[in-house]
Amino acid sequence: MNKTLFLPLIIIFFVFYFFFFPLEGSFETVWTGSASTEVSKSESSFEKRGDTFSLNSSMGGETVRFKGPGFPLILEGRYFAADYGAAYICEYSGDGEMLWSWQGLAPVSALSWNRDLIAAGSIDGVVRIFDREGSLREIRIPSEGADHAVYGLSLSPSSRTISVIAGFREQSLYIYSLEDAALVRTEVLDSDYRRPVKMYGTEGEQEMLWVEQPRGLLCFYDAGDPLFVPVEGTLLSMKRDETSALVYIISKTRETGTSAAGGPGDYYHLKIISPEGDLLLKNRFKSFPGSFDVLDDTVLFTMNRELYAFEREEL
Amino acid sequence: MKKYFYLCLLFTIVHSLSALQWPAASESMTTSFLEERDGMVQAGLVFENYDTMRPFDNGETVFRYSPEAYSALPGSGDSLLVLGHENGFQSIYAGITPAETRADRNRISAGEFLKAPSESEESEETGFCRFFIRDALLDQIVNPLVLLPLPPDTRSPRLLSVLLIDGDNSYELMGQQEDLIVPVGNYMVYVRSEDFTNRGVRQMPYTYSLYNLGTLLLERQLDAVQQSGGSRVFQDGSPLDSVFTLSGYLFLGDIVMTSGRSVVEITLADVHGNESSESFDIGVTR
């Protein structure tokens, strides 16, 4: 072919390409480091030294000290003491008064909470749901024999449903209506975890349920087939930014070979995906992210005792 | 034929029970079943400063948990391992090292070791483990001493204190030089006791009996704990909270004392059947 014709042919190709596949106007999401991001700091603290709890509620005032069993937990701004092995949960008021307590027989193996309720699943296959007054409701997972331990729980943010992962060798997802405790959906899963399984209920235009599975996350958002989002290595956590509907997934891999880029060791991965499961951004770092959260349009990490804030900007 | 069947059955039961083992040396047991510790009545045994720990029997991992960042179970409590056994029991180990509960192994044989925190190079902690046995078929927590092979023991339990309480009036029966005289009333009987084994291990007696004028009023056996509603109960339905109301004491029952004389007798027995008894002659006046 004549070389002088080659360049015009390429130009004609691109002209036709953009004629058939025009560029559409859109936004691009970028994350920028910021030193001026204001991070809200909780003023309440609830700790235990020896057998004595120290509680300083966000209402201010003096620190209250009292003795009791269990270890301290702050969930949705409420103060709890729990002992999973002894199947014990109790709630304290901001001034250290015990509001209610419960003690069962089978160790607590799953926990979920929202503004109104706290739910505990046990290895006896029972889910116990407590309201703010400590009133108890029980849901027994259907099973044959003793093969029905609860491994994961997720109360929907609106308290409409509770999702349960149960089963010792064959695990299933059970979704119950909290209105009448009716089983509304059952899905057989591929997993056979013997440890607490991560489940996340998110709200927005549509309530979604994210379930940890081997090699990824399953997202249930309507009666159809769930969406599968692959995750590298072990899932650590996920957050959903309700305003932008983006999903942030953090996971951990272990590189053993010396040929691995950066050398052998643990690596942490941040993955940002669209609600449809498309990968938007992927990053890898070597320091352990001690905490990870999303506040409005800011992604927050703590690493090596430093706080990193990444602001999302829409261009 | 029937005789051989029962003999085989008996042999199977004895063989399966004899296969059970103490998770740690019995000398390292510091708290026994239904003894109060850290503000909670423990429905199991506590082992401390032990050298090695093994599973109570061959088992399959039902649940394992290590407190760590991003865990689905929040908090900073004890790590937890639950093993399911073929005899329908589940053994629960709370407080063993997280390195043990992170190990993803589905079956553990009775010969394997469960690591103690002291075995970890970074940790200066000594071995500490709370050990529970749950009967998954009957849904109850059982006293491990009933199931574990017991070393020989000939020592009887000892009564330390007996309190008669009626409202604000409280009378100690132990150590009275002269006959005690109390006003008529409805008295609650609380006892504090201990039992040392031949190896010097301190534990709670297994059976408590209360007699008045030779009549058995109540027998309390620390054999198992069941669930009723939101509380834990004995097999006779008595809530644990109503029996362990006074720290260090066990509530045995009520005695109605009318004017005249009353003879209160308390009998204690350990899990071997070693028995001791104390009798108190009480004058009752209007």
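Protein chains in written order, with our numbering: chain G, 93 to 407; chain L, 4 to 289.
Just so you know, even glycine gets a beta-carbon here, dropped at the ideal spot from N, CA and C.
What residues in its chain sit with their C-beta under 8 Å from that of residue i, if we drop five residues either side in the sequence?
i      : result
G/E230 : V218, V219, R220, I221
L/D226 : V145, N146, V149, Y209, Q238
G/E168 : W205, N206, R207
L/E38  : V44, Q45, Q206, M207
L/V187 : M260, T261, S262, V287, T288, R289
G/M330 : K290, Y292, W302, L309, V339, Y340, I341, I342
State yes or no: is the beta carbon of residue i nearer than 7 Å to at least one beta carbon in chain G?
i      : result
L/M43  : yes
L/T200 : no
L/L64  : As written in the sequence, residue 64 of chain L is Thr, which differs from the Leu given in the question. Yes, contact with chain G.
L/S231 : no
L/L213 : no
L/G80  : yes
L/Y53  : no
L/V236 : no
L/L83  : yes
L/R133 : yes
L/A75  : yes
L/I136 : no
L/A272 : no
L/A2   : This structure does not reach residue 2 of chain L, given that chain L is present from 4 up to 289, and the question cannot be answered.
L/I258 : no
L/R158 : no
L/R67  : yes
Given residue i, which residues of its chain have a CB within under 6 Å of its CB, disregarding the five upstream and five downstream residues?
i      : result
L/E281 : L162, I269
L/M177 : S164, V165
G/G325 : S343, K344, T345
G/Y313 : Q298, M300
L/R223 : Y211
L/S195 : Going by the sequence as given, residue 195 of chain L is Arg instead of Ser. Cβ neighbours of L/R195 beyond the five flanking positions: L163, S164, G251, Y252.
G/V339 : R332, I365
Give the secondary structure of residue i by DSSP, where H, G and I count as helix, E and B as strand, and everything else as coil.
i      : result
L/R105 : helix
G/Y109 : helix
G/T348 : coil
L/L151 : coil
L/L84  : strand
L/V274 : coil
G/T294 : strand
G/F98  : helix
L/E89  : coil
L/I285 : strand
G/I103 : helix
L/S262 : coil
G/S146 : strand
G/S379 : coil
L/E30  : helix
L/S245 : helix
G/E368 : coil
L/D156 : coil
L/Y73  : coil
L/G47  : coil
L/Q143 : strand
L/F59  : coil
Using a Cβ-Cβ cut-off of 7 Å, state whether residue i counts as contacting chain L.
i      : result
G/T390 : no
G/R287 : yes
G/G349 : no
G/D358 : no
G/S248 : no
G/Y457 : Outside the shown range of chain G (93 to 407) lies residue 457 of chain G, about which nothing can therefore be said.
G/A241 : yes
G/W205 : no
G/K159 : yes
G/Y292 : no
G/S329 : yes
G/I215 : yes
G/W302 : no
G/F138 : no
Can you tell me which residues form a DSSP beta bridge with residue i?
i      : result
G/R287 : Per DSSP, none; premise fails for G/R287.
G/Y171 : G/I166, G/Y184
L/R67  : L/L84
G/S137 : G/N148
Among residues of its own chain, excluding the 5 on either side of residue i, which ones have a beta-carbon nearer than 7 Å to its beta-carbon?
i      : result
L/V65  : V85, L86, G87, Q93
L/T138 : At residue 138 of chain L the sequence reads Asp, which differs from the Thr that was named. The answer, listed in chain order, is G91, F92, V145.
**Request:** Mind listing, in chain order, the continuous beta strand (DSSP E) runs of no fewer than 3 residues lying wholly within the segment 183 to 207 of chain G?
**Result:** 190 to 195, 200 to 205
**Message:** Quick check for students: name the residue ranges of the beta strand (DSSP E) that lie wholly in the segment 159 to 243 of chain L, counting only runs of 3 or more.
**Reply:** 161 to 169, 172 to 175, 183 to 186, 188 to 199, 210 to 215, 218 to 224, 227 to 231, 234 to 236
**Message:** List, from N- to C-terminal side, the beta strand (DSSP E) runs of 3 residues or more that fit wholly inside the segment 311 to 349 of chain G.
**Reply:** 319 to 322, 326 to 333, 338 to 347
**Runs of beta strand (DSSP E) wholly within the segment 221 to 273 of chain G (minimum 3 residues, chain order)** = 228 to 232, 242 to 247, 253 to 258, 264 to 269
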